[in-house]
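J.: Could you have a look at this structure, given as structure tokens, before my questions?
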Amino acid sequence: MYTKPRQGDLSFNSLLMQKLLLKNIKSLLSVYEHAPQKLAGAEMKQLPCIENAWLACEADRIVAYGRMDDFPGIMDWKELEVIDCSGKIVLPCFADSHTHIVYAGNREQEFVDRINGLSYEDIAKRGGGILNSAKKLRACSEDDLFEQAKARLREIISQGTGSVEIKSGYGLDLASELKMLRVIKRLKDLNWIPVKATFLGAHALPPEFTGNKQAYIDLIISEMLPAIAAEKLADFMDVFCEQGYFNADETTQLLEAGNKHGLKAKVHAEQMSHSNGIKAGVACGAISVDHLEYCNEADMEVLKNSSTMPTILPGAALFLSLQLPPARKMIDAGLAVAFASDFNPGSCPSGNMKVMMSLACIQYKLTPEEAINAMSINSAYAMNLQNEVGTITEGKLANLIITTEISSYGFLPYAFGTNLIDQLVISGKIWNND
Ligand code: NIG
Ligand code: FE
């Protein structure tokens, strides 16, 4: 349990207790004594920084930071692990609030089929898409699934992700949804980074229920939800609200049932058509509504009067060549906006948040400050982790990116294909990716 150091504690002696000290940081980004819960509209342009800074971690927490000029006199750094960050920028790790990284195998054949002219909808209609992944997942053992997902988790951490939400939704029957959620629980129990679990039983209609969607909805409500709640396997409940999947009324029915089990709502909304998923989500108190390609002015009004975080998934829009969600318009209208990856085998086989940052700037015209905020503080809010990660604040988890030597933070989205991560601090320790 973290206790805030008392005023004046930052002496030679107390610093000897720290485990890790980053010194000579060229620029420390997103520094808040009291961090806001999220940033909306024009606030998204703010990125409070300390130039020539130091930062100390004790156990897994950020415990102190400041300007090198004001560094408390220290003679003996032996007890500390000290990292010289000269020329390097330090920022909070990315918070990826929307992923599906628990899946079996890949779907590169569908990628080729789309290149050759089929649409995502055509592929889904012939039993491909989500149902293809469901078939593979049902045939995969829990241990195999865990190993595949663990490798993806390791990959995204190495790319700078320091907290993540992971969805079920490729099981589509009780046993297989439980298998996915237990894998997510095992990923959480690795204690690498904070993991939030989302139950997405309503991702598609499984083949055994063709022509009987209400029976599948009833199964989710009367069997899956109670079993998942009993094992405490999920934090959130999500629905794919889309033509050919679940409509707004069905979404409401499902989310209300999730709420009764203490699962806060999330929605895949307005991705391929206007589905009224935003309205349904906001009415059910959703923590986020995600995708939003077909979000219109009326939806923005609904969002303005809510605590729901609109979340853009630029990798999926790119990979499926969808029209772009109106992220710029939303921010200009005063809304908060988050960006996440949607890492999944069908619509975004990448969880590289730095690439998402570049897309946010290049395609959606977010400034680098807005893009950084959208994928740290705001995306942390979208998984209820805003008090734990997303800014440089005393008491928050020390999950930090140390960049290579770069000229300014604008270089991060600009050099869109270059890694630029020199080292990662995860839970207050240097992350070793082996
Ligand atoms: O977020 N839109 C629905 N679900 C996923 C795609 C799932 C898949 O194709 O496997 C998404 O894009
Ligand atoms: Fe998704």
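With the working numbering applied, the sequence shown corresponds to residues 2 to 435, in that order.
Cβ atoms here follow ideal geometry from the backbone N, Cα and C, with glycine treated the same way.
#1: Which residue from V290, N192, G129, I158 puts its Cα closest to that of I313?
#2: On the three-state DSSP scale, how would you describe D174?
#3: Does the Cβ of D219 lie closer than 6 Å to at least one heavy atom of the ligand FE?
#4: Suppose you measure from the CA of M357 to the CA of A96; what does that come to, to the nearest Å?
#5: Per the DSSP calculation, L23 is bridged to which residue(s)?
#6: If the criterion is Cβ atoms closer than 7 Å, does the pair H262 and A230 meet it?
#7: So, T394 versus A36, is the Cβ gap smaller than 7 Å?
#8: Looking at the ligand FE, does it come within less than 6 Å of D343, judged from the CB to the closest heavy atom?
#9: Rounded to a whole number of angstroms, what is the C-alpha to C-alpha distance between M76 and N25?
#10: With distances taken between CB atoms, is the gap from L182 to L234 smaller than 7 Å?
#11: Which residues mark the beginning and the end of the beta strand (DSSP E) in which D423 is found?
#12: Between the beta-carbon of L321 and the beta-carbon of S348, is there less than 7 Å?
#13: To the nearest whole angstrom, what separates the beta carbons of A334 and M301, a pair I think is in contact under 8 Å?
#14: Report yes or no: do the segment 172–181 and the segment 366–373 share at least 3 C-beta pairs separated by less than 8 Å?
#15: Can you tell me the Cβ-Cβ gap for A399 and R62, rounded? I've got them flagged as a contact below 8 Å.
#16: Apart from the five residues just before and just after N374, which ones in its own chain have a Cβ nearer than 6 Å to its Cβ?
#17: Alpha carbon to alpha carbon, how far is D219 from A105?
#18: Measuring only the C-alpha atoms, how far is I185 from P73?
#19: Between the segment 151–167 and the segment 120–134, can you find at least three pairs of beta-carbon atoms closer than 8 Å?
#20: When you compare each of E406, R329, P414, G352 to R155 by their alpha carbons, which one comes out closest?
#21: Output the distance between the C-alpha atoms of P414 and G118, rounded to the nearest integer angstrom.
#22: Report the option in V64, I51, H99 whose CA atom is closest to the CA atom of G396.
#23: For T199, report the span of its beta strand (DSSP E) as first-last.
#24: Is G130 near the ligand NIG, with its Cβ less than 6 Å from a heavy atom?
#25: Alpha carbon to alpha carbon, how far is I167 from V103?
#26: Whole alpha helix (DSSP H) runs in the segment 266–315 with 4 or more residues, listed along the chain?
#27: Under DSSP, the beta strand (DSSP E) around Y121 begins and ends at which residues?
#28: Who are the Cβ neighbours of I90 in its own chain at under 7 Å, not counting the five residues just before and after it?
#29: Quick check on the DSSP output: the alpha helix (DSSP H) that includes F237 runs from which residue to which?
#30: Going residue by residue through the segment 85–158, where are the continuous beta strand (DSSP E) segments of at least 3 residues, counting only ones entirely within it?
#31: Ignore the nearest five residues each way along the sequence and tell me which others in A43's own chain have a CB closer than 6 Å to its CB.
#32: State buried or exposed for N277, treating a residue as buried only when at least 16 other CB atoms are found within 10 Å of its CB.
#33: T252: which of L386, L336, G202, G88 sits nearest, CA to CA?
#34: Between L304 and chain B, is the shortest Cβ-Cβ distance under 7 Å, so that the two count as touching?
#35: Whose C-beta lies closer than 7 Å to the C-beta of N379 among residues of the same chain, with five residues either side of it excluded?
#36: Can you tell me which of C50, M331, H275 puts its alpha carbon nearest to the alpha carbon of Q244?
T.: Checking against the coordinates, here is how it stands:
#1: As a working note, residue 313 is residue 312 in the sequence shown. Of the listed residues, the one whose Cα sits closest to I313 is V290.
#2: Locating residue 174 in the sequence shown gives position 173, counting from the first residue. Coil at D174, not helix or strand.
#3: Position 218 of the sequence shown, counting from 1, holds the residue named residue 219. Not under cutoff, so the answer is no.
#4: To locate residue 357, count along the sequence shown from 1; it is residue 356. To locate residue 96, count along the sequence shown from 1; it is residue 95. Distance between the alpha carbons of M357 and A96: 12 Å.
#5: The residue labelled residue 23 in the question sits at position 22 within the sequence shown. L23 is bridged to L56, I84.
#6: Your numbering for residue 262 matches position 261 in the sequence shown. Your numbering for residue 230 matches position 229 in the sequence shown. Yes, Cβ-Cβ distance for H262 and A230 is below 7 Å.
#7: Locating residue 394 in the sequence shown gives position 393, counting from the first residue. Locating residue 36 in the sequence shown gives position 35, counting from the first residue. Cβ distance < 7 Å, so T394 and A36 count as in contact.
#8: Working through the sequence shown from its first residue, we reach residue 343 at position 342. Yes, since a heavy atom of the ligand FE falls inside the 6 Å radius drawn around the Cβ of D343.
#9: Here residue 76 is taken as the residue at index 75 of the sequence shown, counted from 1. Here residue 25 is taken as the residue at index 24 of the sequence shown, counted from 1. For M76, the predicted model reports a pLDDT of 46, less than 50, meaning its position is unreliable; a value from the coordinates is still stated below. Rounded to the nearest angstrom, the two C-alpha atoms are 16 Å apart.
#10: For the purposes of this step, residue 182 is identified with residue 181 of the sequence shown, where counting begins at 1. For the purposes of this step, residue 234 is identified with residue 233 of the sequence shown, where counting begins at 1. Going by C-beta atoms, L182 is nearer than 7 Å to L234.
#11: For the purposes of this step, residue 423 is taken as the residue at position 422 of the sequence shown. Looking at the DSSP string, the run of the beta strand (DSSP E) that includes D423 is 422–427.
#12: Looking up residue 321 in the sequence shown gives position 320. Looking up residue 348 in the sequence shown gives position 347. Yes, the Cβ-Cβ distance between L321 and S348 is below 7 Å.
#13: For the purposes of this step, residue 334 is identified with residue 333 of the sequence shown, where counting begins at 1. For the purposes of this step, residue 301 is identified with residue 300 of the sequence shown, where counting begins at 1. The Cβ separation is near 5 Å, so the contact holds.
#14: no
#15: The sequence position of residue 399 within the sequence shown is 398, counting from 1. The sequence position of residue 62 within the sequence shown is 61, counting from 1. So it is a contact: roughly 6 Å between Cβ atoms.
#16: For the purposes of this step, residue 374 is identified with residue 373 of the sequence shown, where counting begins at 1. So the list reads L40, M45, once near-sequence residues are dropped.
#17: Here the question's residue 219 lines up with position 218 in the sequence shown. Here the question's residue 105 lines up with position 104 in the sequence shown. Their backbone Cα atoms lie some 27 Å apart in a straight line.
#18: Translated into positions along the sequence shown, residue 185 becomes position 184. Translated into positions along the sequence shown, residue 73 becomes position 72. For I185 and P73, the distance between alpha carbons rounds to 43 Å.
#19: no
#20: Taking the sequence shown and counting its residues from 1, one reaches residue 155 at position 154. Closest option to R155, Cα to Cα, is G352.
#21: Numbered from 1 along the sequence shown, position 413 holds the residue referred to as residue 414. Numbered from 1 along the sequence shown, position 117 holds the residue referred to as residue 118. P414 and G118: Cα-Cα distance of roughly 31 Å.
#22: To locate residue 396, count along the sequence shown from 1; it is residue 395. The option with the nearest alpha carbon to G396 is V64.
#23: Here residue 199 is taken as the residue at index 198 of the sequence shown, counted from 1. 196–203 is the extent of the beta strand (DSSP E) around T199.
#24: In the sequence shown, the residue the question calls residue 130 occupies position 129. Yes, Cβ of G130 sits closer than 6 Å to a heavy atom of the ligand NIG.
#25: The residue given as residue 167 occupies position 166 in the sequence shown. The residue given as residue 103 occupies position 102 in the sequence shown. Computed Cα separation, rounded: 7 Å.
#26: 278–284, 298–305
#27: Counting from 1 along the sequence shown, the entry for residue 121 is found at position 120. Looking at the DSSP string, Y121 is not in any beta strand (DSSP E); the run it does join, the alpha helix (DSSP H), is 121–126.
#28: Residue numbering aside, residue 90 sits at position 89 when the sequence shown is read from its first letter. Closer than 7 Å at the Cβ level, and outside the excluded window around I90, lie K27, S28, L30, T404, I407, Y410.
#29: On the sequence shown, residue 237 is found 236 positions in, with the first residue counted as 1. Segment 237–241 is the beta strand (DSSP E) holding F237; no alpha helix (DSSP H) there.
#30: 89–93, 95–97
#31: As a working mapping, residue 43 is identified with position 42 in the sequence shown. Within the same chain, A43 has no close Cβ partners at all.
#32: Along the sequence shown, one-based indexing puts residue 277 at 276. Classification of N277: buried, given that the 10 Å Cβ count is 16 or more.
#33: Against the sequence shown, residue 252 aligns to sequence position 251. The candidate whose alpha carbon is nearest that of T252 is G202.
#34: Chain labels in this structure do not include chain B; a single protein chain is all it has.
#35: Counting from 1 along the sequence shown, the entry for residue 379 is found at position 378. K39, L40, M310, A337, V338, A339, listed in sequence order.
#36: One-based indexing of the sequence shown puts residue 244 at position 243. Cα-wise, what sits closest to Q244 is H275.
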